[in-house]
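Below: one structure, written as C-alpha cells.
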Amino acid sequence: MSNNNVETPYTYEDYEEMVECLLSRQPHRPSIGIICGSGLMNLANKLEERYNVPYEKVPKFPVCTVEGHTGQFCFGTLKGKKVVMMQGRFHLYEGYPPWKVASPARVMKLMGVDTVIVTSSSGALNPAFKVGDIMVIMDHIGMPTVSGFNPLDGKNDERFGSRFVDMNKVYDEKLRNSTLKVAEEQRIAPFTRQGVYLMVGGPSYETPAEARYLRALGGDVVGMSTVPEVLAARHCGMRALGLSLITDIVTMDYGAAGAINHDDFLETAKWRAATMNDLVVGVVEKMDCE
C-alpha cells in the first residue's frame, strides 16, 4: 500500500474494469449492496443462489488485513432481491487512502446498486446505551473527513455525482423508519436505538479524555468505519442505511478497570450477530414497500 500522497486515485475506467470482472464471474445484477462489519460476516449465509468472488480476483481492488474480515464479494438473492454483500471492508488505519476505503460504494453503483446497507461494530459514548444494543444511524460525525481526509477530495467525476454533495439527510429516513418497524415486529425494539455515529481514524482506541470530548461533540457511538463508504454512496445518489452493533462501553473514567480488546469485540458481535442479521433480512424483505 502506498502513501495517499503518491498513490493515484482510481479512474472511472478502473471502476468499470472491476465491475466487468465481478459481473462476468456470476449471473446476478444486484440492486442492494450490504457491507458487513467486524463479526457480522455470517449474513452472507442467508443468500440463495450464492456466488463468491474474492477481492484478490478483482483487478486493482484492495484486500482486507483485519481479523474477522473475510475479504470477498458474495452475490445472490435475499428475500427475492438481488444482493451483493461485502464480507470485509477497508479502513484508514490499514494505510489505505480515503478514496480507496470508499471505493466499494462506487463499484456497487456501477453494478446497478441503488441502496446500500452498511453495518459496523462500535463503542458506546451515550451512557444510556448498552453492550449488545443495535443503533440505527441517524447522522454521523466524520472526524477524518472534517479534518481534510475526505474520500471525495481530488478531481470530481460528474459521472458519479456533483462536486458538492448535500449531506443534510445522508441516512435515508424511510429506511430508518422501516428498520424501526421491523425491530418492533421482531421484538428487538427494547435494544434498538437511534443516534449519531462518530468516526475516528484508529487503530488506537480512545483515551478517557478523548472519549469525553467525542461525547461532547454529539457522538452516541464511536467507530473506525462507515463514513467513507456512505459519503461515496451519497455522492453517487444511492440511498444509505447504517446499523451499528455496540460491542463495548467507551471508558471515560481514569479509574475504570479492564483493557479494551479487539477479540472481545468480535465475541460480542458473534453473540448478537444472528439478531442483527435477522434485522437486515427483515429490512430487505420490506424494501418493495419503500
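full-length UniProt numbering puts the sequence shown at residues 1 to 290.
Positions of the beta carbon are idealized from the N, C-alpha and C atoms, including for glycine.
Since we're looking at a predicted model, the values are computed, not measured.
Rounded straight-line distance, which links the Cα of residue j to that of residue i
i    : j    : result
I117 : I32  : 8 Å
E210 : T251 : 10 Å
M41  : T275 : 13 Å
G161 : V230 : 14 Å
V136 : C21  : 33 Å
L23  : D133 : 36 Å
D106 : K130 : The amino acid at residue 106 is misidentified as Asp; the sequence shows Arg. Cα to Cα, R106 sits roughly 34 Å from K130.
L125 : R25  : 43 Å
P104 : C236 : 12 Å
M18  : L152 : 19 Å
P27  : Y51  : 9 Å
Environment of residue i [buried if 16+ CB atoms lie within 10 Å]
i    : result
S147 : exposed
P30  : buried
G80  : exposed
N3   : Low confidence applies here, because N3 scores a pLDDT of 48, under 50, leaving its location unreliable; read the following figure in that light. Under this definition N3 is an exposed residue.
N277 : buried
Simplified DSSP state of residue i, which is helix, strand or coil
i           : result
S162        : coil
E206        : coil
residue 341 : No answer is possible for residue 341: it lies beyond the span of the chain, which begins at 1 and ends at 290.
A269        : helix
A124        : strand
C64         : coil
D139        : strand
R215        : helix
M18         : helix
F149        : coil
Y93         : helix
Own chain residues within Cβ distance below 6 Å of residue i, not counting five before or after
i    : result
G154 : P9
Residues near residue i in its chain [Cβ-Cβ closer than 7 Å; skip 5 each side]
i    : result
R234 : V165, M167, V170, A240
R212 : M252
Neighbourhood of residue i by C-beta, 8 Å cutoff - its chain only, sequence neighbours within 5 removed
i    : result
K57  : C21, R25
E185 : G282
T70  : M41, C64, Q87, G88
Counting beta carbon pairs with one atom in the segment 127-143 and one in the segment 169-179, are three or more of them shorter than 8 Å? yes
Should the segment 87-94 be regarded as contacting the segment 56-69, the criterion being three or more beta carbon pairs within less than 8 Å? yes
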